[in-house]
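So the structure is just underneath, and the comments pick up after that.
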Amino acid sequence: MARIPVYVSAIATCALLSVSPLASATSSKTIPQASTAAVMNETPARNADLLSMQMCGERDQVVQELAQNFNETPMAYGQVDGSAVVEIFVSDGGTWTILATGTDGNSCIVSAGEGFESTTLIKGTDV
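In terms of the numbering used here, the sequence shown has 478 at position 25, counting the first letter as 1, and numbering is strictly consecutive.
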């Protein structure tokens with residue numbers, strides 16, 4: 454399976470989430486199973502595992518499933534307008550998941566994929 458490098462920056466993630474509705478991460482309503490169809494086109498190798506998971510739930514439960522099913526651990530996080538926290542989970546194998554958690558403690562998987570590569574930014578002057 455070909456791996457496509459994916460570069461995820463905190464700025465791009467926050468920009469994406471600032472225009473995306475986060476009702477599922479900030480309200481008690483859950484996402485219906487039909488909404489998992491959007492994940493189908495992203496990474497076929499992960500589809501079976503992702504579809505068996507709940508897309509929303511208590512943060513601890515979702516994080517535990519990401520660790521057990523994909524060996525993913527938190528790499529980065531950021532706050533979105535005081536209403537949600539966004540986290541990026543990655544594995545050594547390159548799988549990644551973006552998780553949004555609302556102030557009520559409920560978390561939803563926003564996106565997932567394969568081929569994650571970290572870029573290290575160095576502080577300094579522009580060249």
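The beta carbon of each residue, even a glycine, is placed where N, CA and C say it ideally should be.
Spatial neighbours of residue i within its chain, please: C-beta separation below 6 Å, excluding the five flanking residues on both sides.
i: Asn-524; result: Ser-544
Using only CA atoms, which one of the options lies nearest to residue i?
i: Ala-553; options: Phe-569, Ser-536, Gln-521, Lys-576; result: Ser-536
i: Asp-534; options: Cys-509, Cys-561, Thr-526, Gly-555; result: Gly-555
i: Phe-542; options: Glu-511, Glu-518, Gly-510; result: Glu-518
i: Glu-567; options: Ala-520, Gly-546, Ser-560; result: Gly-546
i: Thr-573; options: Val-563, Ile-562, Ala-529, Asp-557; result: Ala-529
i: Val-539; options: Asp-513, Met-508, Lys-576, Val-563; result: Val-563
Should residue i go down as buried or exposed, given a rule of 16 or more other Cβ atoms within 10 Å for buried?
i: Glu-570; result: exposed
i: Ala-478; result: Confidence is the limiting factor: at Ala-478 the pLDDT is only 47, short of 50, which leaves the residue's position unreliable, though a coordinate-based value still follows. That one is buried.
Under 8 Å Cβ to Cβ from residue i, same chain only, skipping five residues before and after it: list those, please.
i: Ala-490; result: Only weak support exists for where Ala-490 lies, its pLDDT of 44 falling under 50; the value from the coordinates is given anyway. Here the set comprises nothing.
How is the alpha helix (DSSP H) around residue i delimited, first residue to last?
i: Glu-511; result: No alpha helix (DSSP H) holds Glu-511; the beta strand (DSSP E) holding it covers 509-511.
Among residues of its own chain, excluding the 5 on either side of residue i, which ones have a beta-carbon nearer than 7 Å to its beta-carbon?
i: Ala-520; result: Thr-526
Just to confirm the assignment, what range does the beta strand (DSSP E) spanning residue i have?
i: Glu-570; result: Element bounds for Glu-570: n/a, residue is neither H nor E.
i: Glu-540; result: 537-543
i: Gly-555; result: 549-555
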